[in-house]
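Asks: Taken in sequence, the protein lines are chains P and H.
Numbering-wise, the first sequence is residues 152 to 684 according to this note's numbering.
Numbering-wise, the second sequence is residues 152 to 684 according to this note's numbering.
Here it is, the structure in full.
2 protein chains.
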Amino acid sequence: MNPNLRAALAAYRVVIGDEQVVIEREALSCYETATFHTDHRVVAVLKPGSVEQVQQCMAISTQYSVATYPISTGKNVGYGSRVPTSDNCVVLELKRLNRILEFNEDLAYVSLEPGVTQQQLFNFLKEKNSNLWMDATGSFLEHSIIGNIAERGFGHTPFADHFNNVGGMDVVLANGKLLHTGFGRFGNAKAAGVYRWGVGPYLDGLFAQSNLGIITRVTLWLMPAPEYCQNFFFSMNQSDELAEVIELLRPLRLDGTIKSAMHIGNDYKVISSIRRYPWEESQGEVPLSKELLAKLAEKWDFGAWNASGSLYGSKQEVALARKRIKKQLKGRVKKLRFLDEDMLRLAEKLQKPYRWLTGVNLPEMLKLLKPIFGLTTGVPTGKMIASTYWRKKQDAPSDPDPDRDRCGLMWLAPVAPTKGQYAQEIWSIVESTMLKYAFEPAVSITLITERAMDCVVCISYDRDVVGEDERAQQCHDEMLEKLTASGYYPYRLGVHSMGGLPRAEESSIELLIAIKDVLDSKRVLAPGRYQDD
Amino acid sequence: MNPNLRAALAAYRVVIGDEQVVIEREALSCYETATFHTDHRVVAVLKPGSVEQVQQCMAISTQYSVATYPISTGKNVGYGSRVPTSDNCVVLELKRLNRILEFNEDLAYVSLEPGVTQQQLFNFLKEKNSNLWMDATGSFLEHSIIGNIAERGFGHTPFADHFNNVGGMDVVLANGKLLHTGFGRFGNAKAAGVYRWGVGPYLDGLFAQSNLGIITRVTLWLMPAPEYCQNFFFSMNQSDELAEVIELLRPLRLDGTIKSAMHIGNDYKVISSIRRYPWEESQGEVPLSKELLAKLAEKWDFGAWNASGSLYGSKQEVALARKRIKKQLKGRVKKLRFLDEDMLRLAEKLQKPYRWLTGVNLPEMLKLLKPIFGLTTGVPTGKMIASTYWRKKQDAPSDPDPDRDRCGLMWLAPVAPTKGQYAQEIWSIVESTMLKYAFEPAVSITLITERAMDCVVCISYDRDVVGEDERAQQCHDEMLEKLTASGYYPYRLGVHSMGGLPRAEESSIELLIAIKDVLDSKRVLAPGRYQDD
């Protein structure tokens with residue numbers, strides 16, 4: 152152990168206590184394990200219990216030049232989980248900072264620490280009998296709200312673009328100083344957290360997808376629960392109908408008929424959300440054959456592309472939006488259906504007659520529809536995680552842990568303007584590349600904002616199959632290269648993709664390096680994380 | 152003239168041509184004139200004609216350490232017009248960069264240069280027969296869209312928060328390098344301008360309300376024209392009803408019933424928008440007496456506070472919103488009225504019978520209502536500028552120019568969470584302070600976002616009255632001090648208020664200085680502009 156690290160560890164122990172400094176090899180190995188191959192070693196894990204301790208730890212890290220990688224709850228699954236973006240880091244785990252610091256029902260916001268999980272915020276709002284909704288993701292119940300914001304993750308309601316609903320932040324800098332953004336830099340400002348721009352430069356943007364600071368508090372805006380919410384679903388039978396449908400949806404998203412981030416998943420995506428890989432039917436062959444996929448699609452009644460969205464408002468407002476959607480999509484899509492909570496409850500009761508009436512395999516589809524409906528109303532779900540076991544030989548256990556169980560998973564999520572031709576072009580790159588590597592090209596396209604869509608590609612495999620780690624990484628890298636060469640850049644990177652982008656313009660690289668230099672001259676904070684040099 | 156400046160001027164001339172470098176005293180004096188006293192001298196004005204020339208000018212400024220102050224069209228009226236925030240600057244006027252570089256009807260955006268004015272963009276959209284609306288302000292037709300964005304100005308439609316609709320920027324740095332933000336840093340990225348966050352840190356926030364770069368291009372998102380738009384108006388007779396009404400409006404703003412930035416102006420604000428100061432009736436006395444104000448209010452039928460807002464959507468959607476507003480405000484406000492384009496046209500035809508039926512002085516009120524309706528549908532207006540002549544002894548000329556005509560005007564616009572008690576507290580500070588200095592406390596409160604309101608205070612006076620410049624500045628400074636002491640900070644500063652804020656926390660000051668140091672180590676770019684040291 153180098154003497155600097157030794158001295159730093161001693162100093163950390165003084166600050167946060169011996170038991171909060173982990174250096175046992177076995178314990179550390181969890182922090183070196185993701186859903187794909189990584190070879191970054193972790194030298195210690197620090198578990199501070201307060202913002203002051205985070206500040207002191209960072210001051211020590213800077214003093215002794217110890218690379219320090221902050222994580223919240225470490226559930227960045229498919230992007231690297233808890234694994235740092237560079238070798239030999241001390242991991243700074245912020246799980247214990249799990250307080251909800253402020254709650255304002257009238258102004259519809261909550262202020263929280265990085266250890267606060269989706270489930271925790273959901274329970275909190277329920278306990279408060281709040282009329283406010285959070286926006287949830289389909290990831291772990293235990294995933295950190297701030298961790299997700301720091302990656303600019305997204306969800307399912309009109310508040311889906313998480314970073315876009317941040318009213319202000321507290322940030323610990325590499326030197327240990329604490330910064331309040333926006334009006335927060337004035338101690339007594341009443342509008343801190345409510346009016347995000349403040350006065351003077353707006354700095355929040357510097358601290359998402361960066362290694363310039365550690366977010367220790369976020370004021371998050373919440374959505375007043377609407378009177379009524381109705382989901383809608385439809386499908387397309389032919390893969391090449393996608394472009395046309397995207398063109399039909401764009402005006403609805405732009406004019407606010409559809410206010411939420413709607414999702415369009417392909418057949419591969421749907422089947423991997425319903426069940427594991429059909430090892431028996433395929434006689435162990437990969438990738439899934441088109442014939443078998445067609446059979447499964449028929450059985451569960453899904454199409455080549457399957458869209459789901461949600462409408463919000465009074466019952467009358469939703470009825471108007473529904474009418475407009477029907478008019479716009481009439482004759483252009485299959486099986487346009489609307490579903491609300493009452494219908495969902497009824498469907499559960501009447502699963503068999505419903506199937507008889509509609510031909511839909513309701514019991515199985517309900518497994519998928521219920522959590523989707525929940526997500527569109529701000530209810531987090533743990534049900535989606537099972538899909539990470541797609542290529543495994545056993546079903547997901549009751550306590551799924553894809554890191555532990557060697558599930559293979561890598562995300563790649565290119566963004567494009569919401570135009571049919573772009574969706575088609577991305578799909579064509581993804582399909583051909585993934586099939587070449589014998590992976591199922593499972594894709595969902597999210598109309599994340601009024602003008603942009605995010606094509607989330609999932610490379611799902613079994614890490615226990617020899618050579619698959621390498622093959623998945625190759626597949627990913629080739630796809631990323633082709634996509635960026637065609638102008639489609641991911642909205643987010645992981646340990647597997649950090650540094651995989653083409654070189655940006657020099658002026659932007661220089662600027663980011665210069666800012667990094669002044670904020671963290673010793674480069675101790677999360678080296679390699681979204682860093683261009 | 153110092154030799155550095157001499158050498159720089161020679162270099163500028165080579166780059167942009169002799170005729171684009173202005174040093175004649177008389178011409179310069181326009182750049183030293185605002186609607187209040189300033190004593191910053193301007194040593195030259197540069198008028199580059201392209202981004203490349205802006206880059207070259209900045210490289211020269213940095214080389215010769217010449218303080219350089221960029222303006223767009225210089226219509227920052229009430230905040231300093233064209234006057235730099237420090238003495239002895241070269242003004243870099245970007246008026247000639249007036250191209251609309253890209254227009255995308257499908258994706259609802261336009262990309263433009265700093266010389267593009269409100270009127271120009273409006274005309275452009277009309278010529279294109281576009282179904283898209285811009286968001287306009289009540290300021291000059293010739294004001295720069297980018298200039299307004301750079302100050303985070305706001306307007307009247309659901310796209311009122313201008314900076315919030317920026318999809319990406321090009322920025323010239325102090326060293327002359329050109330930076331593209333967001334995905335724009337990758338030359339071929341299709342989502343540049345459409346998905347603003349890009350990948351990695353989001354930098355746009357650094358360049359609004361700052362002196363860290365010169366915005367030379369903005370991609371601005373536009374609003375698809377709704378099927379229908381209806382304005383609504385109501386008033387309160389008692390000043391102390393304000394708090395209650397704010398409480399009633401907040402839920403409507405939060406739940407999206409009211410999607411736009413609604414405005415609530417007090418009696419002083421309304422009367423100064425309709426006519427000049429009643430010098431005759433008041434026998435030359437200032438400030439306006441409560442009695443006379445009451446008489447004028449009766450004549451024109453306005454209340455102590457007067458709200459206007461707008462509803463957007465299909466006719467049926469607007470009807471639903473109207474119903475909800477009526478229900479929420481019933482019995483709590485006076486004269487809740489709804490007005491659309493057809494009614495406005497009809498009213499113009501039937502001015503006299505309408506007055507007879509309703510008692511409203513329609514001809515005069517129409518002067519105000521028509522431009523307001525226009526603003527809520529993205530139509531800029533030059534009509535509002537006349538109000539800057541409030542305290543002058545003559546009416547505004549047909550070509551109003553408050554700088555030239557020595558109109559006195561200072562804005563002060565504190566932000567607060569949308570809570571009645573805060574509106575009341577701000578109003579109480581403003582009223583008492585302004586009356587003490589014998590100015591009319593003209594205020595409009597804008598519910599700028601779902602959670603925040605902006606109380607725009609207008610100090611309007613006559614610069615030709617001896618001592619008024621000083622008195623206005625004193626009044627402003629005292630008000631700013633009281634407001635910030637109570638936690639109400641302005642959303643924006645001007646030459647008259649730059650440096651007037653209490654000291655922010657050290658960590659934020661250090662951070663901003665450090666960033667300034669690396670981006671502009673010679674401090675040539677807009678010294679003193681939103682700068683904390």
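C-beta: ideal position from N, C-alpha, C; glycine also.
Keep in mind it's a predicted model, so treat the numbers as computed, not measured.
(1) Report yes or no: do the region 589-596 of chain H and the region 410-422 of chain H share at least 3 C-beta pairs separated by less than 8 Å?
(2) Does the beta carbon of Glu398 (chain P) fall short of 7 Å from some heavy atom of the ligand SAH?
(3) State the Cα-Cα distance for the pair Val371 (chain P) and Val617 (chain P), rounded to the nearest angstrom.
(4) In the DSSP assignment, find the unbroken alpha helix (DSSP H) run with Glu629 (chain P) in it and report its ends.
(5) What first and last residue would you give for the beta strand (DSSP E) that runs through Asp613 (chain H)?
(6) Along the chain, where does the alpha helix (DSSP H) that runs through Leu354 (chain P) open and close?
(7) So which of H:Lys543, H:Gly533, H:Arg542 and H:Gly200 has the shortest CA-CA distance to Ser549 (chain H)?
(8) Excluding the five sequence neighbours on either side, which residues of its own chain have a C-beta within less than 8 Å of the C-beta of Asn388 (chain P), listed in chain order?
(9) Can you confirm whether Pro678 (chain H), when its beta carbon is compared against all beta carbons of chain P, has any partner nearer than 8 Å?
(10) Relative to the C-alpha of Ile476 (chain H), which candidate in H:Arg488, H:Leu631 and H:Tyr220 has its C-alpha closest?
(11) Spatial neighbours of Leu447 (chain H) within its chain, please: C-beta separation below 6 Å, excluding the five flanking residues on both sides.
(12) Any idea what DSSP makes of Met374 (chain P), helix, strand or coil?
(13) On the DSSP letters alone, give me the boundaries of the alpha helix (DSSP H) that Ala470 (chain H) sits inside.
(14) Can you tell me which of the three DSSP states Ala455 (chain H) falls into?
(15) Note down the Cα distance separating Glu492 (chain H) from Lys518 (chain H), rounded to an integer number of angstroms.
(16) What is the C-beta distance between Trp348 (chain P) and Thr528 (chain P), in whole angstroms, given that I count them as a contact (C-beta under 8 Å)?
(17) Please report how far the alpha carbon of Leu363 (chain P) lies from the alpha carbon of Asp321 (chain H), in whole angstroms.
(18) Under the DSSP definition of a beta bridge, which residues are partnered with Arg488 (chain P)?
(19) Compare the C-beta of Ile477 (chain H) with all C-beta atoms of chain P and state if any pair is closer than 8 Å.
(20) How close, in whole Å, do the beta carbons of Ile366 (chain P) and Ile297 (chain P) come, if the pair is a contact with beta carbons under 8 Å?
(21) Where does Leu497 (chain H) land, buried or exposed, given buried means 16+ other C-beta within 10 angstroms?
(22) Span of the beta strand (DSSP E) holding Asp257 (chain P)?
(23) Can you find a CB in chain P that lies within less than 8 Å of the CB of Gly351 (chain H)?
(24) Going by DSSP, what residues sit across from Asn417 (chain P) in a beta bridge?
(25) To which residues does DSSP link Trp541 (chain P) through a beta bridge?
(26) Does the region 317-332 of chain P touch the region 246-255 of chain P, meaning 3 or more C-beta pairs lie closer than 8 Å?
(27) Going by the beta-carbon positions, is the gap between Pro522 (chain H) and Ala537 (chain H) smaller than 8 Å?
(28) Could you tell me which of H:Gly645, H:Lys570, H:Ala376 and H:Phe305 sits nearest to Asp257 (chain H), measuring between CA atoms?
(29) State the Cα-Cα distance for the pair Leu179 (chain P) and Leu252 (chain P), rounded to the nearest angstrom.
(30) Under 7 Å Cβ-Cβ, which residues of chain H neighbour Lys341 (chain P)?
(31) With a threshold of 7 Å on Cβ separation, who are the neighbours of Arg401 (chain H) within its own chain once the five nearest residues in sequence on each side are excluded?
(32) Kindly indicate if chain P contains any beta-carbon less than 8 Å away from that of Arg643 (chain H).
(33) Expressed to the nearest angstrom, what Euclidean distance is found between the alpha-carbon atoms of Ser212 (chain H) and Val172 (chain H)?
(34) In this structure, does DSSP put Tyr182 (chain P) in helix, strand or coil?
(35) The alpha helix (DSSP H) with Ala159 (chain P) in it runs from where to where?
(36) Please classify Ala636 (chain H) as buried or exposed, where buried requires at least 16 other C-beta atoms within 10 Å of its C-beta.
Replies: If we stick to the structure as given:
(1) Three or more pairs of CB atoms, one per stretch, sit closer than 8 Å, so the region 589-596 of chain H contacts the region 410-422 of chain H.
(2) Inclusion of the ligand SAH in the displayed structure is not the case, the ligand content being empty and no account of it being possible.
(3) The sequence shown places Leu at residue 371 (chain P), rather than the Val named in the question. The alpha-carbon atoms of Leu371 (chain P) and Val617 (chain P) are separated by roughly 44 Å.
(4) Per DSSP, the continuous alpha helix (DSSP H) segment holding Glu629 (chain P) begins and ends at Glu619 to Ala636.
(5) That run of the beta strand (DSSP E) goes Ala603 to Asp613.
(6) Counting along the chain, Leu354 (chain P) falls outside any alpha helix (DSSP H), and DSSP gives it neither H nor E.
(7) If you compare the alpha carbons of H:Lys543, H:Gly533, H:Arg542 and H:Gly200 with that of Ser549 (chain H), the shortest gap goes to H:Gly533.
(8) For Asn388 (chain P), the CB contacts under 8 Å within the same chain, skipping 5 residues up- and downstream, are Gly454, Ala455 and Lys485 in chain order.
(9) False, the Cβ-Cβ gap to chain P never drops below 8 Å.
(10) The shortest C-alpha to C-alpha distance from Ile476 (chain H) to any of H:Arg488, H:Leu631 and H:Tyr220 is the one to H:Arg488.
(11) Correct list, in chain order: Ile422.
(12) In the three-state reduction of the DSSP assignment, Met374 (chain P) falls in the strand class, which pools E and B.
(13) Element bounds for Ala470 (chain H): Lys466 to Leu480.
(14) Ala455 (chain H) falls in the coil class under three-state DSSP.
(15) Going by the C-alpha atoms only, they are around 14 Å apart.
(16) Trp348 (chain P) to Thr528 (chain P), Cβ: 30 Å. No contact.
(17) Distance between Leu363 (chain P) and Asp321 (chain H), taken at the CA atoms: about 22 Å.
(18) Beta-bridge partners of Arg488 (chain P) (DSSP): P:Phe384.
(19) It is Lys, not Ile, that sits at residue 477 (chain H) in the sequence shown. Closer than 8 Å: no.
(20) With a Cβ gap of about 5 Å, Ile366 (chain P) and Ile297 (chain P) count as contacting.
(21) So Leu497 (chain H) counts as exposed.
(22) Per DSSP, Asp257 (chain P) is not a residue of any beta strand (DSSP E), being assigned neither H nor E.
(23) Interface residue, yes.
(24) According to DSSP, Asn417 (chain P) bridges with P:Trp456.
(25) In the DSSP output, where bridge partners are listed per residue, Trp541 (chain P) has none listed.
(26) Cβ pair count under 8 Å is below three, so no.
(27) No, they are not a contact pair.
(28) Nearest in C-alpha terms to Asp257 (chain H), of all of H:Gly645, H:Lys570, H:Ala376 and H:Phe305, is H:Ala376.
(29) Looking at the two C-alpha atoms, the distance is approximately 30 Å.
(30) Result: Ala567, Pro568, Tyr573, Gly638 and Tyr639.
(31) Thr569, listed in sequence order.
(32) Chain P contact via Cβ: present.
(33) C-alpha separation (whole angstroms): 14 Å.
(34) If DSSP states are grouped into helix, strand and coil, Tyr182 (chain P) belongs with coil.
(35) Going by DSSP, Ala159 (chain P) is part of the alpha helix (DSSP H) stretching over Pro154 to Ile167.
(36) Per the 10 Å Cβ criterion, exposed.
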